[in-house]
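Heads up: the structure comes next, in structure tokens.
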Amino acid sequence: MKNKSLNLICFGLIVSVFFLASCDKPSYELKEGIWRGALLTEAGIEIPFNFEVKDSLGHHYIDIVNGQSKLRVNDIRIEKDSVYIQLPFFDAELRGALLDGHVDGVYIKHLPDKEVSMAFSANYNVAWRIKEQVASPKYDISGKWETYFIKDNGDSVKAIGDFKQEGSRVTGTFMTRTGDYRFLDGVLDGDKLSLSTFDGGFAMFFSALLTNDSTMVNGEQYSGFSSQRKFFAKKNDKVVLDDPYSLTYLKPGYKKIEFSFPDVNKQQVSLRDARFKDKVVVVQILGSWCPNCIDETAFLSQYYKKQNGDVEIVGLAYEATKDFEKSKANIQRIIDRFDVKYPILITGYTANGDEPSQSLPMLNRVMAFPTTIIIDKKGEVRKIHTGFTGPGSGKYYEEFVMEFEKMISSLQQE
3 MKNKSLNLIC FGLIVSVFFL ASCDKPSYEL KEGIWRGALL TEAGIEIPFN
53 FEVKDSLGHH YIDIVNGQSK LRVNDIRIEK DSVYIQLPFF DAELRGALLD
103 GHVDGVYIKH LPDKEVSMAF SANYNVAWRI KEQVASPKYD ISGKWETYFI
153 KDNGDSVKAI GDFKQEGSRV TGTFMTRTGD YRFLDGVLDG DKLSLSTFDG
203 GFAMFFSALL TNDSTMVNGE QYSGFSSQRK FFAKKNDKVV LDDPYSLTYL
253 KPGYKKIEFS FPDVNKQQVS LRDARFKDKV VVVQILGSWC PNCIDETAFL
303 SQYYKKQNGD VEIVGLAYEA TKDFEKSKAN IQRIIDRFDV KYPILITGYT
353 ANGDEPSQSL PMLNRVMAFP TTIIIDKKGE VRKIHTGFTG PGSGKYYEEF
403 VMEFEKMISS LQQE
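My numbering numbers the first residue of the sequence shown as 3 and each following residue consecutively.
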């Protein structure tokens, strides 16, 4: 009887130890559902974003959420207690230690000559983006705002802020004459505006105070690890920017542009090639490092597939490096992502300084990425559009698409 009791006691102790060990075992699971991520700037400012983890047949994928935008990320690897997330553009990644619904790690952006990193953390089942509300919004900031961002040298850059407010939530973007800041998402907490975005390559946080329903002061823009600019804004429904068709143009004496660069398979491509003869041609000046170029490529790729060969498009890539293979790898990611069927050429020039302008000497300048050149059936340049306002700009993007399609259709009829 004694031995039986002793055996039962020993069995009970073993079961208890096993149960406690099981309870204490850490969970290295990237849980399905909503997460709140945050990057930390040099100044200690959080750049928050939300992402949703989903599982399809045992394979994780992530949607990074900014307003109405969802960026799909498929390349996710979990090894023991670590998670590795390769972002689809900009040669960037998230790495971190994974434990019980929390990730603690680093965001890394790979540049040609160095790596730039920021502290990264994320928490599971946190649906809010900016810190939870303290006060009800005092104003409604919906509408257009004439905005000025202040450079380090004191000069200002004019922009248009266009926002929509529902309760305390604010979405929208800032647009400059060369593009937009994509989908911004945040809150108006009392009189304090906070907005952020993270697209895998660029992270931004904006804050400002509202002194009334038409004035923003003490504006701060934090971008990446260390960039910081001040801004102020006034509500102005009539504000406009420079005409994007007036900024880049052909020098006197020129009617056409010429170039010959290799595609990703090292085949030389020129506008003199048979595929471009007697067709309307769109030349896209882009870089894989440029978020507005990504938006334009998404649009042009879909547009091109609907044309059945009646319109040709060719991209000219100006990368951060002159190394062909590295440039090819970055461009190939874009081609694969958007199933791009038109050729994108590796120019061998970088986007730095005057190199883009030197490569196309018939232009007065290449002042922004992207720049889009419209060529008629005779091979003559008819329009040059600087910048691109993407889907984050709402109606401005829709207006551009309608204008672009109408213009191409008109040239086809000539």
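No residue lacks a Cβ here, since even glycine has one placed at the ideal position from N, Cα and C.
The model shown is predicted, which means the values in this text are computed figures rather than measured ones.
- Per the coordinates, the alpha-carbon of residue 269 lies some 39 angstroms from the alpha-carbon of residue 120.
- When the beta-carbon positions are compared, residue 201 and residue 131 stay at least 8 angstroms from each other.
- Secondary structure at residue 394: helix, using DSSP grouped into helix, strand and coil.
- Here residue 179 is buried, its C-beta having at least 16 other C-beta atoms within 10 Å.
- Contact holds between the segment 344-356 and the segment 315-327, because three or more Cβ pairs, one in each stretch, are under 8 angstroms apart.
- Of all alpha-carbon atoms in 363, 142, 234, the one lying nearest the alpha-carbon of residue 148 is that of 234.
- As DSSP reads the structure, residue 86 sits in a beta bridge with 79, 97.
- A straight line joining the alpha-carbon of residue 407 with that of residue 244 spans about 21 angstroms.
- Scanning its chain for C-beta atoms nearer than 7 angstroms, with the 5 sequence neighbours on each side dropped, one finds around residue 137 the residues 191, 192, in chain order.
- Where residue 250 is concerned, there is no enclosing alpha helix (DSSP H), because DSSP gives it neither an H nor an E.
- Of the residues assessed, residue 260 falls on the exposed side of the cut-off, its CB having fewer than 16 other CB atoms within 10 angstroms.
- Residue 87 places its beta carbon less than 8 angstroms from that of residue 96.
- Beyond the five residues adjoining it in sequence on each side, residue 57 comes within less than 6 angstroms, by CB distance, of 34 in the same chain, given in chain order.
- Comparing alpha carbon positions, the residue from 280, 328, 323 closest to residue 312 is 280.
- Burial state of residue 163 is buried, judged by a 10 Å Cβ sphere holding 16 or more other Cβ atoms.
- Membership of residue 161 in the beta strand (DSSP E) is indicated by the continuous run 158-168.
- The beta strand (DSSP E) runs lying completely inside the segment 266-333 and spanning 3 residues or more are 270-272, 282-288, 313-321, given in chain order.
- Excluding its 5 nearest sequence neighbours in each direction, residue 167 has C-beta neighbours in its own chain below 6 angstroms: 142, 143, 144, listed in chain order.
- In the three-state reduction of the DSSP assignment, residue 223 falls in the strand class, which pools E and B.
- Close CB contacts of residue 98 within its chain, under the 8 angstroms cut and outside five residues either way in sequence, are with 84, 85, 105, 106, 107, 108, 122, 123, 124 (chain order).
- Across the structure, residue 114 and residue 91 are spaced so that their CA atoms are roughly 15 angstroms apart.
- Burial of residue 94 is indicated by the presence of at least 16 other C-beta atoms within 10 angstroms of its C-beta.
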